[in-house]
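J.: Shown below is the structure under consideration.
There are 2 protein chains.
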Amino acid sequence: MTHVFDEAIAVTALDDGSGFRATTHPAYDNMVGPFGGITAATVVGALRSHPDALGEPLALTINYAAPVANGTWDLRTTIVKTNRTNQHWTFTIEQEGQTVSTGSAVFGVNRDTWSDTEAVRPSAPPPESVPAVDFPDFVAWARNYDKRFVVGGLDAKSDDSTSTLWLRDLPQRPLDYPALTAMADAFFPRVFLRHGTFMPAGTISLTTYFHATPDELAAQGSKPVLATARGARFAGGHFDQYGQLWGDDVLLATTTQLVYFKNPPPRPEPRLTQ
Amino acid sequence: MTHVFDEAIAVTALDDGSGFRATTHPAYDNMVGPFGGITAATVVGALRSHPDALGEPLALTINYAAPVANGTWDLRTTIVKTNRTNQHWTFTIEQEGQTVSTGSAVFGVNRDTWSDTEAVRPSAPPPESVPAVDFPDFVAWARNYDKRFVVGGLDAKSDDSTSTLWLRDLPQRPLDYPALTAMADAFFPRVFLRHGTFMPAGTISLTTYFHATPDELAAQGSKPVLATARGARFAGGHFDQYGQLWGDDVLLATTTQLVYFKNPPPRPEPRLTQ
Chain A
1 MTHVFDEAIA
11 VTALDDGSGF
21 RATTHPAYDN
31 MVGPFGGITA
41 ATVVGALRSH
51 PDALGEPLAL
61 TINYAAPVAN
71 GTWDLRTTIV
81 KTNRTNQHWT
91 FTIEQEGQTV
101 STGSAVFGVN
111 RDTWSDTEAV
121 RPSAPPPESV
131 PAVDFPDFVA
141 WARNYDKRFV
151 VGGLDAKSDD
161 STSTLWLRDL
171 PQRPLDYPAL
181 TAMADAFFPR
191 VFLRHGTFMP
201 AGTISLTTYF
211 HATPDELAAQ
221 GSKPVLATAR
231 GARFAGGHFD
241 QYGQLWGDDV
251 LLATTTQLVY
261 FKNPPPRPEP
271 RLTQ
Chain B
275 MTHVFDEAIA
285 VTALDDGSGF
295 RATTHPAYDN
305 MVGPFGGITA
315 ATVVGALRSH
325 PDALGEPLAL
335 TINYAAPVAN
345 GTWDLRTTIV
355 KTNRTNQHWT
365 FTIEQEGQTV
375 STGSAVFGVN
385 RDTWSDTEAV
395 RPSAPPPESV
405 PAVDFPDFVA
415 WARNYDKRFV
425 VGGLDAKSDD
435 STSTLWLRDL
445 PQRPLDYPAL
455 TAMADAFFPR
465 VFLRHGTFMP
475 AGTISLTTYF
485 HATPDELAAQ
495 GSKPVLATAR
505 GARFAGGHFD
515 QYGQLWGDDV
525 LLATTTQLVY
535 FKNPPPRPEP
545 RLTQ
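Residue numbers (our numbering), protein chains in the order written: chain A, 1 to 274; chain B, 275 to 548.
Quick look at the structure:
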């Protein structure tokens with residue numbers, strides 16, 4: 001049986017060789033259009049399936065210029081330059097002749113070099129000791145994740161916008177590059193946490209660096225990923241966020257995004273009369 | 275008299291309206307080709323000068339696919355989508371018919387919203403109490419910066435790849451978006467600091483988010499910027515870096531990059547005989 005994630009990121013090659021056709025999947029709906037993480041994951045899966053792809057994903061930037069409408073979308077890909085150990089791609093996502101997303105990717109091969117991880121994994125109790133939570137029904141995509149918040153859940157209000165959570169595909173699914181791509185966008189907007197309420201907000205631009213090797217992904221399997229993100233500055237209708245995805249002691253990916261937001265709606269005035 | 279930075283980022287509009295022509299400037303040479311930061315700054319300056327630009331830069335991603343050769347280069351720009359408060363751009367840098375860089379930018383207008391800065395400025399003694407240092411002569415671009423390292427200078431070797439430094443254009447120049455763009459790439463490769471030596475290394479992809487408003491840039495003027503960056507994971511011939519640029523207590527920009535590196539050359543064997 002095909003996993004719902006694989007259904008959602010499935011693509012077919014376009015006849016003219018210019019790219020791939022994808023179809024939005026209702027299981028990954030967000031409040032407006034699809035979950036941005038599933039769109040990004042579809043791109044990464046499609047690029048990996050290209051016969052001329054070199055190695056594995058190293059970097060992805062995707063810019064959400066307009067909402068993706070439910071239905072099919074076309075991914076047009078260009079290999080700009082293939083070097084000895086890395087490869088530069090650009091892409092657009094088009095619907096009915098309009099470009100709704102743009103982006104770039106770098107693929108590459110691992111070379112045998114000195115290595116070290118300086119980032120420190122957030123401390124967290126084991127996932128089985130943290131309760132799983134549901135998001136509201138109108139956030140359909142979140143039902144495809146087992147989410148266990150160590151700090152900064154959707155029901156919290158905090159002066160610190162950090163969320164740290166155990167995250168796992170539901171049903172369980174071995175981690176791969178597309179799944180990692182989607183998880184890098186699975187943090188709800190940091191302004192929700194600062195205000196303790198939903199607010200209009202949406203990702204404008206997302207960049208993820210993939211550190212995990214294929215062997216590390218295989219070792220991770222379907223175990224939960226420890227995901228953490230925090231905003232640095234909120235102002236003028238935008239904020240940024242920096243995040244990390246950890247598997248055991250392996251830093252699998254780092255990710256950053258720029259997010260649009262509006263002030264929370266004013267609270268209703270207290271009613272003085274019945 | 276024109277500042278050398280303004281000379282270096284000067285562009286002329288291409289006759290066919292497709293973009294701009296720039297010329298590399300010897301004052302911003304790097305070891306191979308120009309300093310990546312001056313290329314990125316030239317792009318930001320050119321996009322801002324476009325008559326259809328909306329607001330100010332919010333995000334920039336630039337991918338260095340091949341070295342830029344000394345001489346002229348053409349920046350081809352596309353406005354993909356202009357929304358009510360933001361605008362999406364893509365661009366390429368071309369030399370002799372070859373694409374050497376690609377990228378995307380988001381511009382936008384500041385809206386009046388709730389604001390807060392969560393990031394914490396690194397502590398640093400005042401710039402006048404920290405000695406300015408020179409980089410070796412073959413790093414020409416660095417001569418255009420007054421550099422005062424609080425931690426992690428080019429002469430250091432450390433298990434922590436953090437560099438924190440006071441950074442200022444030389445001669446002094448009021449800070450603007452292009453200057454901020456260049457400063458976001460002014461950190462030498464973090465592997466130098468880990469190994470205490472120069473190593474083959476180069477930025478592959480750079481993303482910067484601009485938090486500073488025009489008023490904040492005006493308030494900053496030509497005072498030194500406090501710049502800090504650290505690598506998270508080094509492996510397989512690549513590492514990432516996350517950085518922040520601070521002006522007084524204002525977080526001006528956040529920046530991240532993916533960098534290619536090779537192992538340091540082996541040390542010469544000790545000579546046992548004369």
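Glycine included, C-beta positions come from ideal geometry on N, C-alpha and C.
#1: Taking S403(B) and R442(B) to be in contact with their CB atoms under 8 Å, please state how far apart those CB atoms are, rounded to whole angstroms.
#2: By a C-beta neighbour count over all protein chains shown, 10 Å radius and 16 as the cutoff for buried, is G510(B) buried or exposed?
#3: Enumerate in chain order the residues of its own chain whose CB-to-CB distance from A182(A) is below 6 Å, with the five nearest sequence positions on each side excluded.
#4: Give the single residue among V109(A), F138(A), S115(A), A69(A) whose Cα lies nearest to the Cα of A506(B).
#5: Do G293(B) and D348(B) have their C-beta atoms closer together than 8 Å?
#6: For A340(B) versus V306(B), is the C-beta spacing smaller than 8 Å?
#7: Anyone know if the C-beta pair for P488(B) and E330(B) falls short of 8 Å?
#8: Please list the terminal residues of the continuous alpha helix (DSSP H) segment that includes P331(B).
#9: Listing by chain order, which chain B residues have their CB less than 8 Å from the CB of L258(A)?
#10: Closest to P171(A) by C-alpha separation, out of L58(A), D146(A), R111(A), F198(A), would be which residue?
#11: For the alpha helix (DSSP H) that contains Q220(A), what are its first and last residues?
#12: Name the chain A residues that come within less than 9 Å of Q460(B), Cβ to Cβ?
#13: What runs of the alpha helix (DSSP H), each 4 residues or longer, lie entirely inside the region 443-478 of chain B?
#14: Applying the criterion that 16 or more other CB atoms from any shown protein chain within 10 Å of the CB defines a buried residue, is Q98(A) buried or exposed?
#15: For the alpha helix (DSSP H) that contains V383(B), what are its first and last residues?
#16: Would you mind telling me which residues of chain A sit closer than 8 Å to D514(B), beta carbon to beta carbon, in chain order?
#17: Can you check whether the C-beta of L449(B) is within less than 8 Å of a C-beta belonging to chain A?
#18: Is DSSP giving W246(A) helix, strand or coil here?
#19: Under the rule that 16 or more other beta-carbon atoms within 10 Å means buried, what is D289(B), buried or exposed?
#20: Determine the chain A residues that contact K536(B) at a beta-carbon separation under 8 Å, and present them in chain order.
#21: Could you tell me the boundaries of the alpha helix (DSSP H) in which F5(A) lies?
#22: The region 345-357 of chain B: which residues have C-beta closer than 7 Å to a C-beta of chain A, in chain order?
#23: To the nearest angstrom, how far is it from the Cα of L500(B) to the Cα of H50(A)?
#24: Rounded to the nearest angstrom, how far is the Cβ of A458(B) from that of H485(B), given a contact under 8 Å?
#25: Specify the secondary structure class of S375(B) as computed by DSSP and reduced to three states.
#26: Output, in sequence order along the chain, the residues in the region 494-512 of chain B whose CB is closer than 9 Å to any CB in chain A.
#27: Quick one: residues in its chain with C-beta nearer than 7 Å to the C-beta of P452(B), no 5 flanking neighbours on either side, listed in chain order?
#28: Suppose you measure from the CA of P474(B) to the CA of T255(A); what does that come to, to the nearest Å?
#29: Alpha carbon to alpha carbon, how far is H512(B) from F535(B)?
#30: Return the first residue and the last residue of the beta strand (DSSP E) that T23(A) is part of.
#31: With burial defined as no fewer than 16 other Cβ atoms inside 10 Å of the residue's Cβ, what is the status of V285(B): buried or exposed?
#32: Helix or strand or just coil, what does DSSP make of G427(B)?
#33: Would you tell me roughly how many angstroms separate the C-alpha atoms of T85(A) and T78(A), rounded to the nearest one?
#34: In chain B, which residues lie less than 7 Å from L180(A) when you measure between Cβ atoms?
#35: Quick check on the DSSP output: the alpha helix (DSSP H) that includes L14(A) runs from which residue to which?
#36: So, under 8 Å CB-CB, V61(A) and S205(A) are touching, yes? Tell me the CB distance rounded to an integer number of Å.
T.: For this structure:
#1: For the purposes of this step, residue 403(B) is taken as the residue at position 129 of the second sequence. For the purposes of this step, residue 442(B) is taken as the residue at position 168 of the second sequence. 15 Å between Cβ atoms; not a contact.
#2: In the second sequence, counting from the first residue as 1, residue 510(B) sits at position 236. A buried status is given to G510(B), since no fewer than 16 other beta-carbon atoms sit within 10 Å of its beta-carbon.
#3: Against the first sequence, residue 182(A) aligns to sequence position 182. Here the set comprises G37, I38, A41.
#4: By one-based count along the second sequence, residue 506(B) stands at place 232. Per the Cα distances, S115(A).
#5: The residue given as residue 293(B) occupies position 19 in the second sequence. The residue given as residue 348(B) occupies position 74 in the second sequence. Yes, the pair counts as a contact, with Cβ atoms nearer than the cut-off.
#6: To locate residue 340(B), count along the second sequence from 1; it is residue 66. To locate residue 306(B), count along the second sequence from 1; it is residue 32. It is not a contact, given that the beta carbons lie outside the stated cut-off.
#7: Here residue 488(B) corresponds to residue number 214 of the second sequence, with the count starting at 1. Here residue 330(B) corresponds to residue number 56 of the second sequence, with the count starting at 1. Cβ atoms of P488(B) and E330(B): closer than 8 Å.
#8: Position 57 of the second sequence, counted from the start, is the residue given in the question as residue 331(B). Where P331(B) is concerned, there is no enclosing alpha helix (DSSP H), although the beta strand (DSSP E) it sits in stretches over 330-338.
#9: The sequence position of residue 258(A) within the first sequence is 258, counting from 1. Residues of chain B passing the Cβ test: L332, A333, V380, Y483.
#10: Here residue 171(A) corresponds to residue number 171 of the first sequence, with the count starting at 1. Ranking L58(A), D146(A), R111(A), F198(A) by Cα distance to P171(A) puts D146(A) first.
#11: Position 220 of the first sequence, counting from 1, holds the residue named residue 220(A). 214-220 is the extent of the alpha helix (DSSP H) around Q220(A).
#12: If you number the second sequence from 1, residue 460(B) lands on position 186. Note that residue 460(B) is Ala in the sequence shown, not Gln. Neighbours of A460(B) on chain A: none; closest Cβ ~19 Å, over 9 Å.
#13: Runs found: 451-457, 464-469.
#14: Indexing the first sequence from 1 puts residue 98(A) at position 98. Classification of Q98(A): exposed, given that the 10 Å Cβ count is below 16.
#15: Taking the first residue of the second sequence as 1, we reach residue 383(B) at position 109. Here V383(B) belongs to no alpha helix (DSSP H), and DSSP marks it neither H nor E.
#16: As a first step, residue 514(B) must be located in the second sequence, where it is residue number 240. By Cβ distance, chain A contributes Y209, H211, T254.
#17: Your numbering for residue 449(B) matches position 175 in the second sequence. By this cut-off, L449(B) is not an interface position.
#18: The residue given as residue 246(A) occupies position 246 in the first sequence. Note: W246(A) maps to strand in three-state DSSP.
#19: Position 15 of the second sequence, counted from the first residue, corresponds to residue 289(B). Its Cβ having fewer than 16 others within 10 Å, D289(B) is exposed.
#20: Your numbering for residue 536(B) matches position 262 in the second sequence. Under the 8 Å cutoff, chain A gives R111, T113.
#21: Numbered from its first residue, the first sequence carries residue 5(A) at position 5. Taken as a continuous stretch (DSSP letters only), the alpha helix (DSSP H) holding F5(A) covers 4-9.
#22: V354, K355
#23: Here residue 500(B) refers to the residue found at position 226 of the second sequence. Here residue 50(A) refers to the residue found at position 50 of the first sequence. Those two C-alpha atoms are separated by around 43 Å.
#24: As a working mapping, residue 458(B) is identified with position 184 in the second sequence. As a working mapping, residue 485(B) is identified with position 211 in the second sequence. With 8 Å as the limit, A458(B) and H485(B) do not qualify as a contact, their Cβ atoms being about 12 Å apart.
#25: By 1-based counting over the second sequence, the position of residue 375(B) is 101. It is a strand residue.
#26: R504, G505, A506, R507, F508, A509, G510, G511, H512
#27: Position 178 of the second sequence holds residue 452(B). The residues are I283, A315, V318, G319.
#28: Along the second sequence, one-based indexing puts residue 474(B) at 200. Along the first sequence, one-based indexing puts residue 255(A) at 255. Roughly 25 Å separates the two Cα atoms.
#29: For this step, residue 512(B) is matched to residue 238 along the second sequence. For this step, residue 535(B) is matched to residue 261 along the second sequence. One C-alpha to the other measures close to 6 Å.
#30: Here residue 23(A) refers to the residue found at position 23 of the first sequence. First-last of the beta strand (DSSP E) with T23(A): 19-23.
#31: As a working note, residue 285(B) is residue 11 in the second sequence. Label assigned to V285(B): buried.
#32: Locating residue 427(B) in the second sequence gives position 153, counting from the first residue. In this structure, G427(B) counts as coil in the three-state DSSP scheme.
#33: As a first step, residue 85(A) must be located in the first sequence, where it is residue number 85. As a first step, residue 78(A) must be located in the first sequence, where it is residue number 78. Approximately 18 Å, taken between the alpha carbons.
#34: As a first step, residue 180(A) must be located in the first sequence, where it is residue number 180. Those within 7 Å of L180(A) in chain B number zero; the least Cβ separation is about 14 Å.
#35: Working through the first sequence from its first residue, we reach residue 14(A) at position 14. Per DSSP, L14(A) belongs to no alpha helix (DSSP H) and is neither H nor E.
#36: Within the first sequence, residue 61(A) is the residue found at index 61, counting from 1. Within the first sequence, residue 205(A) is the residue found at index 205, counting from 1. The identity of residue 61(A) in the sequence shown is Thr, whereas the question assumes Val. T61(A) to S205(A), Cβ: 7 Å. Contact.
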